[in-house]
Amino acid sequence: MSLDTPILNDGGAASPETDLIKNTTTANFMRDVVDASMTVPVLVDFWAPWCGPCKQLTPILEKAVRAAKGAIRLVKLNIDDHPEVPGQMGVQSVPAVFAFQEGKPVDGFMGALPESRVSAFIARLIGENADSGADIDAAEAALAAGDVNTAAQAFGEILRNDAENAQAAAGLAKCYIKTGDLTRAEQTLALVPPAKADSAPVASARAALELARKADQTGDVEELRAKVAADPSAPQPRFDLALALNAAGDRQGALDELLVLVAKNRTWDDDAARKQLVQLFDAWGPDDPATSAGRQRLSSLLFA
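Counting with the numbering used here, you get residues 40 to 343 for the letters of the sequence shown.
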């Protein structure tokens with residue numbers, strides 16, 4: 040039976056559950072995930088038969104999706120049988136879950152989370168409990184506005200009341216990164232409980248920390264622009280320019296240069312440009328406009 044063959048009930052009709060939970064293939068990923076997410080959020084569960092944590096997480100995902108009663112769908116992809124899409128999206132370990140909305144990935148997590156956290160993740164995705172996490176939202180808003188002191192104080196207060204709050208720890212680490220205190224940022228991330236170490240906010244902070252370290256190795260933006268202009272076909276100067284632009288706060292410029300590399304030099308240095316884009320998206324976070332625009336443009340290139 041094909042992965043896309045509907046499961047039949049006793050009456051011979053397709054079960055309604057197949058609309059909520061299904062397996063997909065590389066060929067059908069666009070239809071089952073990207074197109075479907077234009078009308079309802081879609082979770083993609085990247086799994087493998089040999090993965091023990093996958094066997095723990097998938098039933099939890101299925102239960103939570105059924106409980107949402109049509110507000111969200113679940114699509115499962117076996118990475119052993121269909122490695123192309125996870126490879127393009129930078130999936131390096133499983134289980135990995137991506138949430139798609141309006142045709143693009145907007146959030147996600149790695150590892151087997153407990154049922155309560157999966158339910159909270161889905162509730163946030165479909166807009167439930169919008170008033171919860173107001174303190175976190177205020178702290179994140181302050182950080183986004185460049186008010187690092189206010190953000191750091193807010194994140195610190197949250198951590199005093201909830202020492203295992205991974206989002207607050209990640210936010211505080213980003214405050215340290217903004218001030219150039221990379222040692223304190225690393226120390227803060229080290230305090231995150233192991234069960235939450237692979238959560239999306241922590242992954243974002245780790246990516247931001249690695250980018251901050253790379254910033255010290257980039258050259259002058261104008262010198263790199265001159266090198267690119269002198270030899271537009273050379274990938275390394277363009278790659279370095281993208282990193283320099285990101286370090287200077289020009290996210291759009293960094294996106295443009297890396298997307299040129301993906302389009303023209305996809306296989307250069309073991310797919311380095313696409314991998315760097317994934318790291319930028321992780322660092323900027325799913326809610327950043329540059330992440331949304333960049334992921335959409337990258338998807339257009341990869342799935343064209």
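All residues carry an ideal CB built from backbone N, CA and C; glycine is no exception.
Only a predicted model underlies this, so the values are computations on that prediction, with no experimental measurement involved.
Taking every protein chain shown into account, the CB of Pro88 has fewer than 16 other CB atoms within 10 angstroms, so this residue is exposed.
Contact between Val299 and Arg313 is absent: CB atoms are separated by about 12 angstroms, not below the 8 angstroms threshold. When the five nearest sequence neighbours on each side are left out, the beta carbons in the same chain lying within less than 8 angstroms of the beta carbon of Ala293 are those of Ala281, Leu282, Leu284, Asn285, Leu319, in order along the chain. Residue nearest to Val133 within the set Ala181, Gln140, Gly324, Lys115 is Lys115 (criterion: CA-CA distance).
In this structure, the straight-line span from the alpha carbon of Gln291 to that of Gly324 is close to 15 angstroms.
Put simply, of Asp201, Lys108, Leu113 the residue whose alpha carbon is nearest the alpha carbon of Gly147 is Leu113. Distances from the CA of Ile161 to each of Leu100, Ala135, Lys217 were compared; the closest alpha carbon is that of Leu100. Going by DSSP, Asn188 is part of the alpha helix (DSSP H) stretching over 187–200. Per DSSP, reduced to three states, the secondary structure at Trp89 is coil, with no helix or strand assignment. With a threshold of 16 other beta carbon atoms within 10 Å, Pro232 falls short and is exposed.
Nearest neighbour of Ala205 by Cα position, chosen from Leu182, Tyr215, Ala242, turns out to be Ala242. Here DSSP, grouped into helix, strand and coil, assigns Asn204 to coil.
In the structure shown, Arg252 falls within a helical segment according to DSSP collapsed to helix, strand and coil.
Contact between Ile111 and Leu152 fails: their C-beta atoms lie close to 16 angstroms from each other, not under 8 angstroms. Note: Asn285 is not bridge-paired with any residue in the DSSP secondary-structure output. Taking a C-beta distance under 7 angstroms as the contact criterion, Lys213 and Ala181 do not qualify as a contact pair. Assigned with DSSP and collapsed to three states, Phe278 falls in helix. Judged by beta-carbon spacing, Ile118 lies beyond the 7 angstroms limit of Phe139, meaning their Cβ atoms are not closer than that value. For Ile111, the three-state secondary structure derived from DSSP is coil.
In this structure, the beta-carbon distance from Leu263 to Pro271 does not fall below 7 angstroms.
With 16 or more other CB atoms across the displayed protein chains lying within 10 angstroms of its CB, Asn62 is buried. Shown here, Gly147 sits in a strand according to DSSP, grouped into three states. Rounded to whole angstroms, the gap between the alpha carbons of Ala191 and Gln226 is 15 angstroms.
Here Phe342 is exposed: its Cβ has fewer than 16 other Cβ atoms, across all protein chains shown, within 10 Å. Counting along the chain, Ile118 sits inside no alpha helix (DSSP H), nor does DSSP assign it H or E at all.
A distance below 6 angstroms between beta-carbons, with the five flanking residues on each side excluded, links Gly109 to no residue of its chain.
Boundaries of the beta strand (DSSP E) around Ala135: 135–140. In terms of CA proximity to Met77, Val145 leads the group Asp220, Ala251, Val145.
Look at Leu297 here: in three-state DSSP terms it is helix.
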